[in-house]
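Here's the structure, in structure tokens; my notes come after.
Structure follows, in structure tokens:
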């Protein structure tokens with residue numbers, strides 16, 4: 474089969490050819506970028522936090538009428554109240570461990586700053602200084618969160634101090650995540666000194682944990698695990714407690730928390746959102762990402778269906794117009810498979826033109842997204858997969874009308890004579 478009769482027929486239907494080719498091009502450009510965005514969202518949702526997320530929940534509460542930090546003895550009073558809460562929670566049945574903590578991974582409440590290998594350095598350049606998130610807790614933080622220590626040692630009770638929430642003093646020691654430690658000290662961080670927020674006081678790294686994600690879900694991989702653990706209980710008119718339970722006892726312990734804390738001190742605020750499992754925290758953190766992925770997936774499906782329907786409709790229209798010509802070809806000896814191949818090759822030429830334009834549009838759209846949003850360059854694999862998918866959809870869509878055309882009998886050629 475030569476291409477000449479196919480090209481001649483297409484020149485007689487320029488409007489339809491241009492319409493389908495541009496529809497394929499636009500669909501390819503949009504779908505490639507949409508699928509790439511969906512892939513990024515799914516990758517973000519599946520990003521590990523570094524915690525043992527099962528049997529873990531968070532309590533957030535606020536005291537009423539508590540002394541302020543600026544009142545003499547106020548910080549000590551607040552710390553005593555916090556210690557009472559911790560003792561009450563640790564005595565609950567089926568509680569494995571409890572730790573005070575200022576935030577949690579994916580909680581969207583963070584204390585951020587700079588960490589450097591040189592005193593006074595605050596310039597985010599090179600590898601000597603980078604951003605980090607601070608977690609303040611006590612000696613039970615690692616077993617409570619299920620974070621794995623990979624080097625050095627954990628905090629002990631003698632390391633832990635307490636300080637006001639607005640107290641900006643630097644600690645003596647800290648634990649870093651492996652991602653952060655490797656950035657600052659590729660040859661090993663334990664025993665080395667770091668400097669926080671441009672300060673001059675050396676803070677000794679005593680341990681390294683495998684991974685602990687920052688509280689905000691939207692951070693890129695370059696900062697997602699830049700966490701620093703500090704052995705301190707922060708004292709304010711509110712407090713957060715991370716609680717680990719025995720397997721299968723999470724719901725029972727969560728129900729027992731509010732009565733236990735009210736028994737210690739009724740002058741506090743606790744509501745339905747005050748006690749949340751880590752699963753609930755994760756679901757809330759990634760709700761927007763999942764919603765975006767589902768929405769864009771539906772849009773892609775609709776675009777593909779519309780494009781396939783357009784190909785079916787146009788080919789069916791052409792088959793109706795060429796009914797007699799098809800009969801003539803059959804009468805001259807064309808087989809059914811020849812007619813089928815004719816329409817498939819015709820569609821392949823149209824789709825091929827569309828995908829070439831679509832590749833250019835896809836790259837251009839990606840460049841625009843990169844310049845206006847936090848997007849990375851679309852991998853070639855996504856574009857190639859999109860090209861093959863569009864060509865396959867075109868062939869699948871044209872098959873039914875092409876098969877109907879191949880069943881036109883030779884006698885049709887004489888009916889209009």
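In this note's numbering, the protein residues as written are 474 to 890. We treat Cβ as the ideally placed atom computed from N, Cα and C, and that holds for glycine.
If you scan the region 708-757 from start to end, which runs of the beta strand (DSSP E) of 3 or more residues do you find wholly inside it?
-> For the beta strand (DSSP E) assignment, the uninterrupted runs of no fewer than 3 residues enclosed by the region 708-757 are, from N- to C-terminal side, 711-718 and 748-750.
Assign residue 621 to one of three DSSP states: helix, strand, or coil.
-> coil
Spatial distance of residue 576 from residue 546 (CA atoms) | 25 Å
Residues that DSSP places opposite residue 589 in a beta bridge = 602 and 668
Does the distance from the CB of residue 826 to the CB of residue 589 come in under 8 Å?
-> In this structure, residue 826 keeps its C-beta atom at 8 Å or more from the C-beta atom of residue 589.
Is it true that the region 668-680 meets the region 576-585, where meeting means three or more beta-carbon pairs spaced less than 8 Å apart?
-> Touching, no.
For residue 786 and residue 890, the rounded distance between their alpha carbons = In this predicted model, residue 890 has a pLDDT of only 45, less than 50, meaning its place in the structure is not dependable enough to derive any value.
Measure how close the beta-carbons of residue 713 and residue 573 come, nearest whole angstrom, since I'm counting them as under 8 Å.
-> 7 Å
Coarse secondary structure for residue 785, derived from DSSP in three states = helix
Once you ignore the five residues that flank residue 502 on each side, which residues in its own chain have a CB closer than 6 Å to its CB?
-> 831, 834, 835 and 838
Just to confirm, are residue 619 and residue 525 a CB contact at a threshold of 8 Å?
-> The Cβ-Cβ distance between residue 619 and residue 525 falls below 8 Å.
Could you check the C-alpha separation between residue 868 and residue 850 for me, to the nearest Å?
-> 30 Å
Going by CA-CA distance only, name the one from 751, 739 and 676 that's closest to residue 581.
-> Checked all of 751, 739 and 676; the closest Cα to residue 581 is 751.
Contacting residues, own chain, Cβ-Cβ under 6 Å from residue 630 (five flanking each side not counted) = 612
Closer than 6 Å by C-beta to residue 500: which residues in its own chain qualify, once you throw out the five before and the five after it? Chain order, please.
-> 776 and 780
To which residues of the same chain is residue 708 closer than 6 Å at the C-beta, ignoring the five residues directly before and after it?
-> Excluding positions up to five away in sequence, the list reads 548, 551, 552, 635 and 637.
Look at the alpha carbon of residue 784 and the alpha carbon of residue 488, and state the distance between them as a whole number of angstroms.
-> 13 Å
Tell whether a beta-carbon distance below 8 Å holds between residue 952 and residue 569.
-> Beyond the ends of the chain as shown, which are 474 and 890, falls residue 952; an answer cannot be given.
Return the bridge partner residues of residue 700 from the DSSP annotation.
-> Its beta-bridge partners are 606.
Could you give the DSSP three-state label for residue 572: helix, strand or coil?
-> strand
Boundaries of the alpha helix (DSSP H) in which residue 841 is found, first to last residue | 809-845
How is the alpha helix (DSSP H) around residue 548 delimited, first residue to last?
-> 547-563
Could you spell out the range, first to last residue, of the alpha helix (DSSP H) harbouring residue 649?
-> Unbroken run through residue 649 is the beta strand (DSSP E), 646-650; no alpha helix (DSSP H).
8 Å Cβ shell around residue 601 - same chain, five flanking residues per side excluded | 589, 590, 591, 594 and 657
Around the C-beta of residue 700, are 16 or more other C-beta atoms found within 10 angstroms, so that it is buried, or is it exposed?
-> buried
Opening and closing residue of the beta strand (DSSP E) in which residue 530 lies | 529-536
C-alpha gap between residue 529 and residue 723, whole angstroms = 7 Å
Close-in-space but distant-in-sequence residues of the same chain around residue 668 (CB under 6 Å, 5 per side omitted) | 589 and 592
Just mark residue 865 as buried or exposed, buried being the case when its beta carbon has 16 or more other beta carbons within 10 Å.
-> exposed
Hey, how far is the Cα of residue 770 from the Cα of residue 508?
-> Taking the CA atoms as reference points, residue 770 sits about 7 Å from residue 508.
Is residue 859 helix, strand or coil by DSSP?
-> helix
Where residue 871 and residue 860 are concerned, what is the direct C-alpha to C-alpha distance, given to the nearest angstrom?
-> If you take the alpha carbons of residue 871 and residue 860, they lie about 17 Å apart.
Go through its chain and collect everything with a Cβ distance to residue 521's Cβ below 8 Å, but skip five positions before and after it.
-> 684 and 686
7 Å Cβ shell around residue 555 - same chain, five flanking residues per side excluded = 573, 706, 708 and 712
Could you pull out every residue in the same chain whose Cβ sits closer than 6 Å to the Cβ of residue 840, ignoring the five residues on either side in sequence?
-> none
In or out: residue 562 buried (at least 16 other Cβ within 10 Å) or exposed?
-> buried
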